[in-house]
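Notes follow once the structure below has been shown.
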Amino acid sequence: MASLRTRGAYLLGLVLFIMLLMSYSWRSAIPISDVSVPFDIGNATETTSTELIPSPIPSPEPEPEDKEPIPEPPPPDPPAEKKKIPDHPTYKPERPPSPEIVDNFPIAAAAHSAADLPPLPPWNLPPNPHVPEKTPLFIGFTRNWLLLQQTVVSHITAGWPAEDIYVFENTGTMNANEHALLSLQNPFFLNHTRLHMLGVNIITTPTLLTFAQLQNFYLYTAIQNDFTIYFWGHMDVIALPFEDQYNKTPENMTAASVGRYSTFKSPYKLAVQALRNATSSEPDINAIDPTKPWAIRFFAYDRLALVNREAFEKVGGWDTSIPYYFTDCDMHERISMNGFDFPPDDVLIGNFTDVAGTLDDLIVLYRKKNTVEANFTIEWDPEQEKKEEEERVRKEFDKALKDLDSRAEDTEASDKWVSDLPGSASYWRLLEVMEQMTKHKNRNGGGGRNTWQRLQTGGKGEPYYRDPEGFDRAVGMITQTGHDIYSEKWGHQNCDLIKYNRTAGDEWRVERDWE
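The opening residue of the sequence shown carries number 4 in the numbering used here; numbering runs sequentially from there.
And the structure:
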């Protein structure tokens with residue numbers, strides 16, 4: 004009996020072991036048939052009544068044949084090959100050489116002193132003695148001497164006292180121009196000797212300044228010199244009087260018989276009149292709201308402008324984080340925001356023409372009778388035109404030398420100069436040429452506006468040399484950054500801040516309105 008219980012327990016344990024093994028096989032998907040199970044019960048003589056066979060595992064139902072196969076994912080992109088940096092620079096193509104620059108004022112180039120320069124048009128002589136007011140005119144210069152010389156000469160011949168004109172040399176070449184270390188072909192060349200001969204002042208900036216920085220330097224100079232007002236103008240402008248508005252003189256009248264033209268109003272005299280209107284205790288006829296303090300007067304937008312120093316100080320000067328374009332928008336809008344009168348219209352005092360090139364010979368601005376005709380050479384690039392221009396200038400230079408020699412021998416030489424009359428045919432020819440120059444500058448939708456800044460490409464090897472093309476490109480990049488800063492400062496991209504209700508104190512606090 005005990006033996007039967009022992010065999011029964013053994014058999015029961017074996018059955019439990021087989022059931023556990025089958026359960027494990029189902030879970031691990033290992034067929035039971037693959038498992039070898041020993042069944043040796045020793046001396047047992049009894050067997051199970053039935054065989055223990057595991058239940059079959061149901062096979063999965065076949066998927067429908069019309070089901071689209073799942074596409075395999077595309078293989079991953081191969082890693083991008085890293086561009087190998089060459090161990091030597093790859094240079095851009097060489098630029099073609101620029102045409103040689105020749106002086107556009109031959110008689111001044113041949114002059115030994117101011118006494119050798121032509122006399123001014125008698126109807127544009129500055130007041131003598133000087134007007135009681137201080138009338139400094141600031142003109143900035145960075146590149147293109149021929150254009151600056153034209154601007155200075157045109158303002159002098161339009162009646163502005165030479166001693167009141169201040170040229171700000173903003174070339175960043177330190178004292179290289181003062182010591183004549185740069186050549187005429189260098190974009191940053193400035194002829195100090197010529198400017199002193201013309202009678203104007205020169206102020207050299209301590210380093211190259213942006214437009215906004217130069218404007219603040221004007222303000223600083225006015226403070227240092229106790230100028231309560233100052234005029235400032237561009238260096239790419241030709242100034243010419245309104246001679247067509249002058250009362251017609253009899254046909255037989257000469258320049259000598261007209262005398263000083265006491266009734267004629269030169270651009271300078273009209274500018275002084277505008278200054279007196281702005282600073283008078285009486286209401287200013289040029290103001291929009293005479294009850295407000297004045298800040299600025301435009302004569303041809305800012306080709307010539309009159310500045311109230313106190314107003315510019317009160318609004319904090321120019322924002323130098325906006326270096327070039329749009330810094331004027333920022334400044335002028337802030338003037339209005341701060342309660343100053345800001346007339347949008349110009350005070351008309353003369354023709355101030357925006358140009359990108361120069362007259363062939365500046366002698367035409369002195370209005371000598373029977374002299375060369377005013378002309379403008381549009382293209383300087385062709386080699387043949389360059390040679391013809393050099394030959395023409397050489398002949399005029401030789402002629403100027405002969406004229407100077409004859410004037411030195413003849414004490415009555417000044418009588419040989421016969422001035423033209425105001426409003427003559429030569430005046431209308433000048434206006435016609437200036438109109439052509441403006442059209443040339445604004446051609447292709449304004450694409451020619453700043454070509455004058457990159458006409459000269461020489462000067463390699465001279466002190467403080469800069470690659471002209473690279474310099475111009477860098478200024479363009481800085482200009483774009485300035486516009487971005489202006490846009491972020493006001494949350495607006497255009498020059499109409501007040502129209503879109505921006506006020507003083509909104510700087511850097513307004514969300515973008517273009518997104």
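Backbone N, C-alpha and C define an ideal beta-carbon position, used for all residues, glycine too.
Here the structure is a predicted model, which is why all the values come from computation and not from measurement.
Relative to the alpha-carbon of residue i, which residue among the options has its alpha-carbon at the smallest distance?
| i | options | result |
| --- | --- | --- |
| Ile488 | Val513, Glu316 and Lys295 | Val513 |
| Glu172 | Ile142, Val436 and Pro122 | Ile142 |
| Ala370 | Leu123, Pro293, Pro130 and Leu307 | Note that residue 370 is Arg in the sequence shown, not Ala. The shortest C-alpha separation from Arg370 is found at Leu123. |
| Glu166 | Thr174, Val156 and Gly175 | Val156 |
| Ile168 | Glu518, Asn189, Asn147 and His199 | His199 |
| Asp333 | Thr154, Glu510, Pro74 and Leu184 | Glu510 |
| Arg306 | Val358, Gly342 and Ile206 | Val358 |
| Ser283 | Ser186, Pro270, Trp297 and Lys272 | Trp297 |
| Tyr221 | Trp431, Gly320 and Asp348 | Gly320 |
| Asp344 | Leu19, Ala314 and Pro76 | Ala314 |
| Lys419 | Ser429, Asn280, Glu438 and Thr374 | Thr374 |
| Gln216 | Asp322, Glu103, Glu75 and Gly508 | Asp322 |
| Ala507 | Ala428, Val318, Arg476 and Leu14 | Val318 |
| Glu316 | Lys502, Asp119, Pro74 and Asn219 | Asn219 |
Determine, using beta carbons only, whether residue i and residue j come nearer to each other than 8 Å.
| i | j | result |
| --- | --- | --- |
| Asp433 | Leu243 | Sequence check: residue 433 is Leu here, not Asp. Going by C-beta atoms, Leu433 is nearer than 8 Å to Leu243. |
| Ala161 | Gly353 | yes |
| Ala274 | Phe302 | yes |
| Ser490 | Gln496 | yes |
| Val240 | Leu362 | no |
| Arg337 | Tyr233 | no |
| Thr176 | Leu185 | yes |
| Ile110 | Pro121 | yes |
| Ile440 | Phe379 | Going by the sequence as given, residue 440 is Met instead of Ile. Taking 8 Å as the Cβ cut-off, Met440 and Phe379 qualify as a contacting pair. |
| Tyr249 | Gly426 | yes |
| Phe267 | Trp126 | yes |
| Phe108 | Leu365 | yes |
| Ser324 | Lys372 | no |
| Asn180 | Gln459 | no |
| Pro164 | Pro135 | no |
| Asp516 | Gly485 | no |
| His335 | Ile381 | no |
| Leu212 | Ile159 | no |
| Thr210 | Phe191 | no |
| Thr224 | Ile206 | yes |
| Arg98 | Glu376 | no |
I need the boundaries of the beta strand (DSSP E) containing residue i, first residue and last residue.
| i | result |
| --- | --- |
| Phe547 | One cannot answer for residue 547 here, as it falls past the ends of the chain, which runs 4 to 518. |
| Ala242 | Val240 to Leu243 |
| Gly360 | Segment: none, Gly360 is in no beta strand (DSSP E) and carries neither H nor E. |
| Phe234 | Ile232 to Gly236 |
Using a Cβ-Cβ cutoff of less than 7 Å, which residues in the same chain neighbour residue i once the five nearest sequence positions on both sides are dropped?
| i | result |
| --- | --- |
| Phe214 | Pro326, Tyr327 and Thr330 |
| Ala277 | Asn289, Arg300, Leu309, Val350 and Ile352 |
| Lys137 | Phe230 |
| Lys86 | none |
| Lys295 | Gly342, Phe343 and Asp344 |
| Tyr468 | Gly462 |
Spatial neighbours of residue i within its chain, please: CB distance less than 8 Å, with the 5 preceding and 5 following residues excluded, ordered by chain position.
| i | result |
| --- | --- |
| Leu151 | Ile142, Phe144, Val170, Leu193 and Met238 |
| Asn228 | Pro139 |
| Thr154 | Ile142, Gly236, His237, Met238, Asp239, Val240, Ile241 and Ala242 |
| Glu438 | Thr356 |
| Pro72 | none |
| Ile481 | Thr213, Pro326 and Tyr327 |
Enumerate in chain order the residues of its own chain whose CB-to-CB distance from residue i is below 6 Å, with the five nearest sequence positions on each side excluded.
| i | result |
| --- | --- |
| Gly461 | Gln188 and Asn189 |
| Ala112 | Asp106 |
| Pro286 | Pro293 |
| Leu368 | Val156, Ser157 and Thr160 |
| Gly464 | none |
| Asp247 | Gly426 |
| Arg505 | Trp493 |
Locate the alpha helix (DSSP H) running through residue i, then write down its first and last residues.
| i | result |
| --- | --- |
| Trp431 | Ala428 to Lys444 |
May I have a chain-ordered list of the beta strand (DSSP E) segments no shorter than 3 residues that lie completely inside the stretch 126-153?
-> Given a length threshold of 3 residues, each whole run of the beta strand (DSSP E) inside the stretch 126-153 is given here in chain order: 140-144.
Uninterrupted alpha helix (DSSP H) stretches inside the stretch 274-338 (no shorter than 4 residues) = For the alpha helix (DSSP H) assignment, the uninterrupted runs of no fewer than 4 residues enclosed by the stretch 274-338 are, from N- to C-terminal side, 312-317.
Uninterrupted alpha helix (DSSP H) stretches inside the stretch 84-108 (no shorter than 4 residues) | Correct list: empty.
Hey, which unbroken runs of the beta strand (DSSP E) at 3 residues or more fall wholly within the stretch 169-220?
-> Fully enclosed beta strand (DSSP E) runs of no fewer than 3 residues occupy 204-207 of the stretch 169-220, in order along the chain.
For the stretch 464-492, list the beta strand (DSSP E) runs that are entirely contained and at least 3 residues long, ordered along the chain.
-> None, since the stretch 464-492 contains no complete beta strand (DSSP E) of that length.
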